[in-house]
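Asker: Just so you know, we're using numbering that gives the first Met the number 0 here: the sequence shown kicks off at 0 and counts up by one.
Glycine included, C-beta positions come from ideal geometry on N, C-alpha and C.
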Amino acid sequence: MGIQNDVEIRILCRKLLMLKNEAGLQWLIASPFLPSVSIVSILRCLHTTSDDPVSPHLPKESDEIKSLIPKGFEVIGAVIVHDKTELKLEKIAGDAISAVRNLRKILYGHSNGDQVLVGAVMGLNDGSGERDLQFFISRTGNSRNLEKASTVFYETQPEKQVWEKCCIVRCGRCIYRAIEGVEHKLRDPQVAYIIEAQSKPSLGGPEPVIIHGTELEPPAELPRNVIVLETAEESLAKSIRCSYFFMETKNISSFTSVEEDADKILVSVMFNRSRSNSKPAAPTAEFYPGIRLEIENLLCNGEAKLLVVNHKLEVLAYATKDLLLTHMVSKLIIPGLVDQLHSLKNKILPDLLVQHPLLRPYHFIPSGFVHPVTVLYELSYGETEMKQVEVRRSLHLRLGLPFDRPLLRIANAINLSTVKASTRDKSNQRGSSLLKDVHQGIPSSGVSGGSISLIQGSYEYYHYLHDGFDDSGWGCAYRSLQTIISWFRQQHYTSIDVPSHREIQQALVEIGDKDPSFIGSREWIGAIELSFVLDKLLGVSCKVINVRSGAELPEKCRELALHFETQGTPIMIGGGVLAYTLLGVDYNETSGDCAFLILDPHYTGNDDIKKIVNGGWCGWKKAVDSKGKHFFLHDKFYNLLLPQSPTWCS
C-alpha cells in the first residue's frame with residue numbers, strides 16, 4: 000500500500016456518516032460527470048447476508064438502489080463502521096471495495112476498468128465524527144491493491160459544484176403494454192425521442208430536437224460492424240450536446256433549490272408507427288398466445304384471463320452539459336426507464352391476481368441531499384396504510400432521515416414540470432410568493448475546523464413590512480414566529496395558514512395570557528409567548544434556554560448543535576428589545592470558536608435575496624467579530640426558544 004497525491008476525494012454531501020454507534024456499511028454515491036472523486040450522497044446498506052452487519056446481500060441491495068438514484072450517479076465506494084479491533088484498516092477497506100466492485104457488476108453489468116473505487120473505514124472506538132474516517136482507493140477495483148487517500152476536501156458550496164455545469168433530465172411515459180414489449184420498443188428504429196428545454200415555446204429559446212431509434216448507439220448485443228443508414232438531418236442531430244439548450248452561463252452562487260435553479264431538459268418518448276421504413280418490407284403480424292391461469296377457487300372455464308395494468312413511468316437523469324444528446328438517451332434515459340420498468344414488475348407480480356396495484360414514481364430531495372431520489376408508491380390504499388408507512392420507514396433508514404418528520408410524503412415531492420419564473424428571487428413553489436431557504440449558498444462562517452449543524456427542511460422568510468404591514472420597531476418576534484410556523488407548514492406537519500400579528504394576539508388572549516385590549520396593539524412578545532402560540536395552534540411543545548448575558552451564548556453551542564441534529568427546527572433568540580431566528584451553528588469543540596447562522600427579521604427592504612445576503616440580514620455572525628464588536632450584548636439577558644419536532648411516525 001502506498002500514498003499518491005493525484006487523487007483527491009471531495010465530499011459534497013452534507014452528511015457523510017449515518018452510523019456512529021453501531022457497525023454497518025454505507026454506499027458512497029458519485030458521478031462520472033464531476034471532477035476527481037466527488038461523493039454526493041450516501042445510502043445505508045439495509046440487507047445483509049448473515050448476522051454480520053458489514054456483509055451486504057447484493058441482489059436485494061441492487062434491486063432497491065438501481066431505481067432510487069438518477070442515472071448519471073452511481074455507487075463508487077463504501078464506508079464500513081466496524082468493531083473488529085483485531086483487523087487492519089487495509090483489510091477492512093479491501094472488504095468495502097470488494098463489496099462495491101461486486102455490486103457494480105450487478106448494477107451496471109461491466110467491469111470496473113479504470114474506475115477509482117473508494118473504501119472508507121472507521122472503528123467504533125476510534126472516533127465519532129465523519130472526519131475520523133480514513134479513506135483508501137483502488138484504481139483497478141482490486142481490493143488488495145490499495146492506496147491511502149492523501150487529500151479529503153469538504154466542499155462548502157456543494158450545490159454549486161453539482162449543478163453549475165450539469166443539468167437534470169426528465170422523461171415520462173405512460174405504458175399500456177407488456178413490460179418486456181416496452182423495453183424492446185425503446186430502441187426500436189421507429190421510436191422517436193423529442194428533447195427540449197424545460198420552458199414554453201412562447202418564452203423563446205432553442206427549438207426541440209428529435210432523435211430516432213436509428214440514431215442511438217446500438218445495443219451491446221449487436222455486431223460492432225453493423226451498418227445504420229441515416230439522413231443528413233439525423234447525422235446533425237447526433238452531434239448536438241445538452242449545452243445546446245442552455246445558451247447562457249449559469250450563475251448559481253446563491254442556490255435555492257433544484258426546482259428553481261437547476262437547468263432542466265425534458266424528453267418525451269413517441270412510439271412512431273407511421274414513420275416509413277428505410278427499406279421496402281412485407282407486412283408482418285405478431286401473435287401473442289394467451290396463458291391459461293388456473294387459480295384455486297377461480298373457475299376460468301378454459302379461457303385465458305387478460306388483466307390490463309397501466310402505469311406511468313417518470314425517470315430523472317443527471318448529465319453534464321457537454322454530453323451528446325444521443326449518449327444521454329442511450330446511456331441514461333433508456334437504462335433509467337428499463338430499471339424503473341423492472342422495479343414496477345417486481346412490485347406488481349406478487350399480488351397481481353388479487354389486487355390491481357396503482358404505482359407511481361415520485362421524486363424527492365430530502366434535507367441534506369444535493370440530488371433527487373425517486374421512489375415508487377402504491378396509491379391504492381392511501382399514504383397512511385401500514386404497508387406504505389413501512390415503505391417510507393425503510394426509505395428513511397436507507398437515506399439517513401429522521402423518523403419523526405414526513406419528509407417523503409407525497410406532498411413533499413418536488414415538481415420539475417413547472418416552468419421557472421422570470422426571477423429566481425421569488426419562490427413560486429406550491430403557490431408561495433415568499434423567499435424560501437435564503438441561507439443556502441451563503442459564504443462560509445470563518446470558523447476553522449468547525450462542525451456545522453443546520454436547520455433541517457425548508458422555511459419562509461418573514462420580516463418587517465412584509466405584505467405591506469408596518470410592524471417596524473415592535474414586530475420582530477412576531478416575524479420570527481411566522482418563520483417558525485412556516486417551517487412546520489413546509490414539512491407538512493400542519494396545513495394551517497401562517498397567522499397574522501392579529502391572529503397571534505388573538506391566540507394569546509384566548510388562552511388567558513393577555514387582556515382583550517392586547518388585540519390590535521403594538522406590544523412586544525417574547526419567547527414564552529411564542530411557546531404558548533405554538534402549543535395552541537400546532538400542539539408543538541418547546542424548550543426554553545435562559546442565558547443571563549450575551550457573553551454566555553457561545554457556551555450553549557454544543558446544546559444548540561444537538562438541537563439542530565435531533566430536532567431540526569428554527570430557534571427564536573430574544574434579547575432585550577430584539578429577536579432573531581437562528582438557523583444553525585458552526586462550532587469547533589477544541590478551540591471553542593463558533594458562529595451563529597442568523598436570519599434577521601428586522602430587514603425592511605424588498606425580497607431581493609442578493610440584497611438580503613450581501614447586507615448581512617442572513618448570514619454567519621460571530622459572538623465577537625474581527626473588529627471586536629459583540630453581536631450579542633453583554634448587558635442583556637437572552638431567552639432561546641427551541642421548538643420540538645413532533646414524534647409522529649413518518
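So that I know if they touch, is there some Cβ in chain B lying closer than 8 Å to that of Glu389?
Answerer: Of the protein chains in the structure, only one exists, and it is not chain B.
Asker: Let's test the definition: count the other Cβ atoms within 10 Å of the Cβ of Ala622 and tell me whether it reaches 16, buried, or not, exposed.
Answerer: buried
Asker: Would Ala92 and Leu42 be called neighbours here (beta carbons separated by less than 8 Å)?
Answerer: No. Outside cutoff.
Asker: Taking C-alpha atoms, which residue in Glu258, Glu389, Phe245 and Glu214 lies nearest to Ser238?
Answerer: Glu214
Asker: Could you work out which residue in Thr325, Glu73 and Val53 is closest to Arg186 when comparing CA atoms only?
Answerer: Thr325
Asker: Would you say Thr568 and Trp486 are within 8 Å of each other, going by their C-beta atoms?
Answerer: yes
Asker: When we look at the beta-carbon of Asn605 and count the other beta-carbons within 10 Å, is it buried (16 or more) or exposed?
Answerer: exposed
Asker: Roughly how far, in whole angstroms, is the beta-carbon of Gly583 from the beta-carbon of Lys14, given that I think they are within contact range, below 8 Å?
Answerer: That pair is no contact at about 13 Å.
Asker: Where does the unbroken alpha helix (DSSP H) through Asn101 begin, and where does it stop?
Answerer: In the DSSP assignment, Asn101 falls within the alpha helix (DSSP H) that extends over Leu88 to Tyr107.
Asker: According to DSSP, what are the bridge partners of Ser37?
Answerer: Arg9
Asker: Examine the Cβ distances between the stretch 74–89 and the stretch 14–32 and report whether three or more of them are shorter than 8 Å.
Answerer: The answer is yes - the stretch 14–32 touches the stretch 74–89, with three or more Cβ pairs under 8 Å.
Asker: Excluding five sequence neighbours on each side, which residues of the same chain lie with their C-beta closer than 8 Å to the C-beta of Val500?
Answerer: Checking the displayed sequence, the identity of residue 500 turns out to be His instead of Val. Only residues of its own chain outside the window of five on either side were considered, and among them Phe468, Asp470, Gly474 and Tyr477 have a CB closer than 8 Å to the CB of His500, listed in chain order.
Asker: Taking all protein chains shown into account, decide if Val576 is buried (16 or more other Cβ within 10 angstroms of its Cβ) or exposed.
Answerer: Here Val576 is exposed. Its C-beta has fewer than 16 other C-beta atoms within 10 Å.
Asker: Under 6 Å Cβ to Cβ from Ile10, same chain only, skipping five residues before and after it: list those, please.
Answerer: Once the five neighbours on either side are set aside, the close Cβ partners of Ile10 are Ile38 and Tyr153.
Asker: Helix, strand or coil for Ala594, going by three-state DSSP, please let me know.
Answerer: If DSSP states are grouped into helix, strand and coil, Ala594 belongs with the strands.
Asker: Could you tell me whether the Cβ atoms of Ile572 and Tyr637 are closer together than 8 Å?
Answerer: yes
Asker: Below 7 Å CB to CB, which residues in the same chain sit around Thr646 once its five sequence neighbours on both sides are set aside?
Answerer: Asp403
Asker: For Ile264, which of His310, Tyr463, Trp619 and Pro205 has the nearest alpha-carbon?
Answerer: Pro205
Asker: Under the rule that 16 or more other beta-carbon atoms within 10 Å means buried, what is Thr373, buried or exposed?
Answerer: buried
Asker: Assuming Cys173 and Lys311 form a contact by the criterion Cβ under 8 Å, report the distance between their Cβ atoms to the nearest whole angstrom.
Answerer: 5 Å
Asker: Can you give me the Cβ contacts of Glu528 inside the same chain, cut-off strictly under 7 Å, excluding the 5 residues immediately before and after it?
Answerer: Leu507 and Asp512
Asker: Between Ala22 and the rest of its own chain, which residues show a CB-CB distance below 7 Å, the 5 nearest in sequence each way excluded?
Answerer: Only residues of its own chain outside the window of five on either side were considered, and among them Pro52, Val53, Val80, His81, Asp82 and Leu123 have a CB closer than 7 Å to the CB of Ala22, listed in chain order.
Asker: Please classify Ser520 as buried or exposed, where buried requires at least 16 neighbouring CB atoms within 10 angstroms.
Answerer: If you draw a 10 Å sphere on the C-beta of Ser520, you find fewer than 16 other C-beta atoms in it, and that means exposed.
Asker: When the Cβ atoms of the stretch 542–550 are set against those of the stretch 629–636, are three or more pairs found closer than 8 Å?
Answerer: Yes, the stretch 542–550 touches the stretch 629–636.
Asker: Please name the residue, chosen from Asp321, Cys170, Gly472 and Ser590, that lies closest to Phe244 on a Cα-to-Cα basis.
Answerer: Asp321
Asker: Helix, strand or coil for Trp486, going by three-state DSSP, please let me know.
Answerer: helix
Asker: What residue does the alpha helix (DSSP H) around Asn638 start on, and which one ends it?
Answerer: It is not in any alpha helix (DSSP H) - Asn638 instead sits in the beta strand (DSSP E) that spans Tyr637 to Pro642.
Asker: Buried or exposed: which applies to Glu313, given that a residue is buried once 16 or more other Cβ atoms fall within 10 Å of its Cβ?
Answerer: buried
Asker: Once the 5 residues before and after Leu400 are set aside, which same chain residues still bring their CB inside 6 Å of it?
Answerer: Pro365 and Leu406
Asker: May I ask you to verify whether the stretch 556–566 touches the stretch 450–461, counting CB pairs closer than 8 Å and requiring at least 3?
Answerer: yes
Asker: Taking the alpha-carbon positions, what's the Leu358 to Leu480 distance?
Answerer: Straight-line Cα distance between these residues: approximately 39 Å.
Asker: Using the C-alpha atoms, what's the distance from Arg408 back to Leu195?
Answerer: For clarity, residue 195 is Glu in the given sequence; the question names Leu instead. Cα to Cα, the separation comes out at about 30 Å.
Asker: Which residues share a DSSP beta bridge with Thr319?
Answerer: Cys165
Asker: Roughly how many angstroms separate the alpha carbons of Met17 and Gly472, rounded to a whole number?
Answerer: Rounded to the nearest angstrom, the two C-alpha atoms are 44 Å apart.
Asker: Across which residues does DSSP place His211 in a beta bridge pair?
Answerer: Ala191
Asker: Determine the burial state of Asn345: buried for a count of at least 16 other Cβ atoms within 10 Å of its Cβ, exposed for fewer.
Answerer: exposed
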